[in-house]
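Trainee:
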Amino acid sequence: MADAIPSLPNEQQQALLDGPALAPPKGVVSNFDNPDNNNGLAYGVIALCITVATLCLMIRAYSRLVLFKQLKVEDYLIGLGYGTYMTWAVFSLLLSETPGYFVHQWNIRLRDTIPTVMYIHYAGVAYSITLPLLKIAIVTEWTRMLAPRGSRTAFLYVCYAVIFVQACAMVAFVFALCFVCVPYAKIWDITLPGHCIKKLNIDIAAAAVHLTSDLVILILPQRTIWTLQMSLKKRLGVSIFFSLGIVACISAGFRLGVTITYATEPDTLYYFGPVIFWAFAEMTCGFVIACIPSTPKILKESGVLPKMKRAMRSIVGLKNSTLRSTSKPMPSTGTHPSSNYRKIDEYGVPLKNLTTSESTEKLRDDSSNKFDQGIVRTTRVTVKQEYIRDGGSNMMDHDALWRDQNKV
Numbered sequence: 122m123a124d125a126i127p128s129l130p131n132e133q134q135q136a137l138l139d140g141p142a143l144a145p146p147k148g149v150v151s152n153f154d155n156p157d158n159n160n161g162l163a164y165g166v167i168a169l170c171i172t173v174a175t176l177c178l179m180i181r182a183y184s185r186l187v188l189f190k191q192l193k194v195e196d197y198l199i200g201l202g203y204g205t206y207m208t209w210a211v212f213s214l215l216l217s218e219t220p221g222y223f224v225h226q227w228n229i230r231l232r233d234t235i236p237t238v239m240y241i242h243y244a245g246v247a248y249s250i251t252l253p254l255l256k257i258a259i260v261t262e263w264t265r266m267l268a269p270r271g272s273r274t275a276f277l278y279v280c281y282a283v284i285f286v287q288a289c290a291m292v293a294f295v296f297a298l299c300f301v302c303v304p305y306a307k308i309w310d311i312t313l314p315g316h317c318i319k320k321l322n323i324d325i326a327a328a329a330v331h332l333t334s335d336l337v338i339l340i341l342p343q344r345t346i347w348t349l350q351m352s353l354k355k356r357l358g359v360s361i362f363f364s365l366g367i368v369a370c371i372s373a374g375f376r377l378g379v380t381i382t383y384a385t386e387p388d389t390l391y392y393f394g395p396v397i398f399w400a401f402a403e404m405t406c407g408f409v410i411a412c413i414p415s416t417p418k419i420l421k422e423s424g425v426l427p428k429m430k431r432a433m434r435s436i437v438g439l440k441n442s443t444l445r446s447t448s449k450p451m452p453s454t455g456t457h458p459s460s461n462y463r464k465i466d467e468y469g470v471p472l473k474n475l476t477t478s479e480s481t482e483k484l485r486d487d488s489s490n491k492f493d494q495g496i497v498r499t500t501r502v503t504v505k506q507e508y509i510r511d512g513g514s515n516m517m518d519h520d521a522l523w524r525d526q527n528k529v
C-alpha cells in the first residue's frame with residue numbers, strides 16, 4: 122500500500138494518512154489520541170545507560186588528562202563514539218513522543234509514522250558509527266598492552282583484522298542505511314515517489330556482524346593472558362577483567378533476536394522498543410570495556426585502593442578473631458609460682474609455659490598453625506659482656522678498645 126501512495130490523488134492520500142498505520146485486530150478500535158505506552162521503562166533504561174557511559178568516560182578522561190597527561194588515538198575514537206552515542210540517545214528520547222514505546226501500530230496514524238521512521242533511521246546511523254569506533258579503540262589499546270613492541274604475533278595480526286573489519290563494517294552499513302531509498306528522503310516519507318530496498322535485512326546483517334565481532338573480541342586476549350609470566354591468581358584476575366565483554370555478547374545476542382522479531386512482525390513499531398534497549402546496553406558495555414582499564418590507576422593514585430585493601434584485611438582479621446574466640450574456651454588467666462609466663466589469649470593463640478634457660482625459643486605447636494594471625498613465637502635473649510686482662514693486669518673493655526681503634 123505504501124508504494125502506491127505517491128501515485129494516488131491528493132484526497133485519497135490524505136485519507137490514508139489519517140487512517141491507522143496497521144489495520145486493527147477484529148473487535149479492536151484504534152486509539153490515536155491517548156494510546157497506552159511504556160515510556161517510563163524507556164526513560165529508566167536510557168537514563169541508566171547514559172549515566173554509566175558518562176561515568177566511564179569521565180574516569181578515562183581524568184586518567185588520561187590528569188594522571189598520564191597524554192592522549193592517544195583510542196582516546197579520540199572513544200570521544201567521537203560518545204558524541205554519536207549521545208546522538209543515538211537524543212533520537213531515542215524523541216521516539217518516546219512520537220509514537221511512544223510499546224504502542225501498537227493500529228493506534229498510530231499513518232502520517233505520524235513519517236517522523237518516527239526518520240528518528241529510527243538517524244538512530245540506526247549513529248549506532249552503526251558508535252559501535253565500530255568503540256571496538257576499534259578497544260582493540261587498538263590491546264595491541265599496545267598485550268603485544269610486545271616490535272613483535273609480529275598471531276594476536277597482533279588478529280587485532281589488525283578486527284580493526285579492518287570494523288572500519289569496513291562502519292562504512293558499509295552507514296552507506297547502506299543512507300542509500301536504502303532513492304531519493305534519500307523517501308526513507309521516511311512514504312508520499313515521495315522513488316524506490317527502496319528492504320531496510321530490515323540491513324538491520325539483521327548489522328546485528329549479526331556485531332555479535333560475531335563481540336565474540337571474537339571476547340576470546341581474542343585470553344591466550345595471550347594465560348601465557349603471561351605471573352602467578353595463577355593474577356592471570357585469573359586479568360582474564361576475568363578482559364572477560365567483561367561477555368556482557369556485550371549477551372546484549373548483542375538479545376539485540377539480534379529482537380531485531381529478527383522487529384523485522385518479521387507486522388506490528389513493527391510496537392517491537393522497536395526492545396531493539397533500542399538492547400542496542401543501548403551493547404553500546405554502554407563498549408564504553409565500560411574501553412574505559413575501565415583506567416580505573417586501577419585512579420584508585421591507586423588517589424589512595425582509595427590501599428584504603429580498600431587495609432579495610433578488607435581488617436574485616437577478615439576481625440572475622441577470624443571472632444570465629445576463634447567463639448569456637449574455643451578462654452584459658453585460665455591465673456598465675457602460678459612455678460610459671461615463668463602467664464597464659465594469655467591474644468587472637469586465640471595461647472602461650473605455653475617455658476623452662477628457664479639462657480636462650481629459649483619455642484614455636485607454636487602444630488595445632489595452632491591454622492591461625493593466620495597472632496603470636497608466632499617467643500624468644501628470650503640473654504646478653505653477656507666479657508672483660509679480659511692485658512699484660513699489666515688491667516681490665517680491658519672490648520667495646521672501649523673498638524672505639525679507640527676507630528677514633529678519627
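When you number the sequence shown by the working numbering, it's gap-free, plus one each residue, and the end is 529.
Beta carbons: idealized from backbone N, C-alpha and C, even for Gly.
Computed from a predicted structure; not experimentally measured.
I'd like the list of long-range same chain contacts for D233, defined as Cβ closer than 7 Å, with 5 residues on each side in sequence excluded.
Mentor: For D233, where only same-chain residues beyond five positions count, the Cβ hits under 7 Å are T219, P220.
Trainee: Between the Cα of F375 and the Cα atoms of L332, F212, L137, K193, which residue gives the shortest distance?
Mentor: When each option's Cα is compared against that of F375, the closest is L332.
Trainee: Work out the CA separation of D124 and T380 for me, nearest whole Å.
Mentor: T380 and D124: Cα-Cα distance of roughly 23 Å.
Trainee: Can you tell me whether V301 is buried or exposed, with buried defined as 16 or more other CB within 10 angstroms of its CB?
Mentor: Label assigned to V301: buried.
Trainee: Can you tell which of K355, E386, F398 has the C-alpha that lies nearest to the C-alpha of A373?
Mentor: Taking only the C-alpha atoms, the option nearest A373 is F398.
Trainee: Can you check which of these residues, T175, A210, K319, Y203, is closest to I167 by C-alpha distance?
Mentor: It is A210 whose Cα lies nearest to the Cα of I167.
Trainee: Can you tell me whether R230 is helix, strand or coil according to DSSP?
Mentor: Residue state, collapsed to three classes: strand.
Trainee: Starting from H225, follow the alpha helix (DSSP H) in both directions and report where the run begins and ends.
Mentor: Looking at the DSSP string, H225 is not in any alpha helix (DSSP H), and its letter there is neither H nor E.
Trainee: So, at 8 Å on beta carbons, what are the nonlocal neighbours of V149 in its own chain, with the 5 sequence-adjacent residues on each side left out?
Mentor: Cβ neighbours of V149 beyond the five flanking positions: W227.
Trainee: Which residue wins for smallest C-alpha separation from Y391, given the options I229, A275, D310?
Mentor: Among I229, A275, D310, the Cα nearest to that of Y391 is on I229.
Trainee: Please return the same chain residues whose Cβ sits closer than 7 Å to the Cβ of T382, not counting the five positions on each side in sequence.
Mentor: Taken in chain order, the residues that qualify are Y392.
Trainee: Should T251 and I284 be called a contact, given that it needs their Cβ atoms to be closer than 8 Å?
Mentor: In this structure, I284 does not lie closer than 8 Å to T251 by Cβ.
Trainee: Tell me, please, which residues DSSP counts as bridged to C302.
Mentor: For C302, which the question treats as bridged, DSSP gives the partners C317.
Trainee: Which same chain residues, not among the five before or five after L321, have their C-beta less than 6 Å away from its C-beta?
Mentor: Correct list, in chain order: A384.
Trainee: What residue range does the alpha helix (DSSP H) around S360 cover?
Mentor: Here the alpha helix (DSSP H) through S360 covers 353-363.
Trainee: Report all residues from its chain with a CB closer than 7 Å to the CB of A244; omit the five preceding and five following residues, and keep chain order.
Mentor: Once the five neighbours on either side are set aside, the close Cβ partners of A244 are W209, F212, S213.
Trainee: Tell whether a beta-carbon distance below 8 Å holds between S360 and L339.
Mentor: Result no, Cβ atoms of S360 and L339 do not sit closer than 8 Å.
Trainee: Applying the criterion that 16 or more other CB atoms from any shown protein chain within 10 Å of the CB defines a buried residue, is V330 buried or exposed?
Mentor: Result: buried.
Trainee: Under the rule that 16 or more other beta-carbon atoms within 10 Å means buried, what is D335, buried or exposed?
Mentor: Buried: at least 16 other Cβ atoms inside 10 Å.
Trainee: Report buried or exposed for G161, applying the criterion of at least 16 other Cβ atoms within 10 angstroms of its Cβ.
Mentor: Exposed.
Trainee: Starting from Q133, trace the alpha helix (DSSP H) in both directions and tell me its first and last residue.
Mentor: Residues 131-138.
Trainee: Between P387 and L143, how many whole angstroms is the CB-CB distance? I'm expecting something under 8 Å.
Mentor: Contact holds; Cβ gap of about 6 Å.
Trainee: Going straight from the alpha carbon of C170 to that of F401, what length do you get?
Mentor: One C-alpha to the other measures close to 7 Å.
Trainee: Tell whether a beta-carbon distance below 8 Å holds between A297 and L377.
Mentor: Contact flag unset, no.
Trainee: Please name the residue in K193, N152, L216, P269 whose C-alpha comes closest to that of T348.
Mentor: That would be P269, whose Cα lies nearest to the Cα of T348.
Trainee: Can you tell me whether S352 is buried or exposed? The criterion is at least 16 other CB atoms within 10 Å of its CB, across all chains shown.
Mentor: Looking at its Cβ environment, which holds fewer than 16 other Cβ atoms inside 10 Å, S352 is exposed.
Trainee: Helix, strand or coil: which one does DSSP assign to P141?
Mentor: In the structure shown, P141 sits in a strand (DSSP, three-state: E or B).
Trainee: Could you compute how far the alpha carbon of D493 sits from the alpha carbon of R434?
Mentor: Note that D493 has pLDDT 45, beneath the 50 cutoff, so the model's placement of it is unreliable and the number below is only indicative. One C-alpha to the other measures close to 12 Å.
Trainee: State yes or no: is the C-beta of P253 within less than 8 Å of the C-beta of M291?
Mentor: Going by C-beta atoms, P253 is nearer than 8 Å to M291.
Trainee: How many angstroms separate the CA atom of Y197 from the CA atom of D157?
Mentor: Looking at the two C-alpha atoms, the distance is approximately 42 Å.
Trainee: Who are the near neighbours of I235 in its chain, counting only those whose CB is closer than 6 Å to its CB and skipping five residues on each side?
Mentor: These residues qualify, in order along the chain: W309, D310.
Trainee: Using 8 Å as the threshold, is the C-beta distance between V368 and V173 below it?
Mentor: No; because the gap between Cβ atoms is not below 8 Å, this pair is not in contact.
Trainee: Ignoring anything shorter than 4 residues or poking outside the region 362-386, list the alpha helix (DSSP H) runs there in chain order.
Mentor: For the region 362-386, whole alpha helix (DSSP H) runs of length 4 or above, ordered along the chain, are 366-385.
Trainee: Kindly give me the distance between the Cβ atoms of C289 and W263, rounded to whole angstroms, as I take these residues to be in contact under 8 Å.
Mentor: Not really, about 19 Å apart at Cβ, beyond 8 Å.
Trainee: Which first and last residues belong to the alpha helix (DSSP H) in which G536 is found?
Mentor: An answer regarding residue 536 cannot be provided, because it is not within the stretch 122 to 529 covered by the chain.
Trainee: For Q287 and I325, which I take to be in contact (beta-carbon distance under 8 Å), what is that distance rounded to the nearest angstrom?
Mentor: Not quite, the Cβ-Cβ distance comes to about 18 Å (not below 8 Å), so this is no contact.
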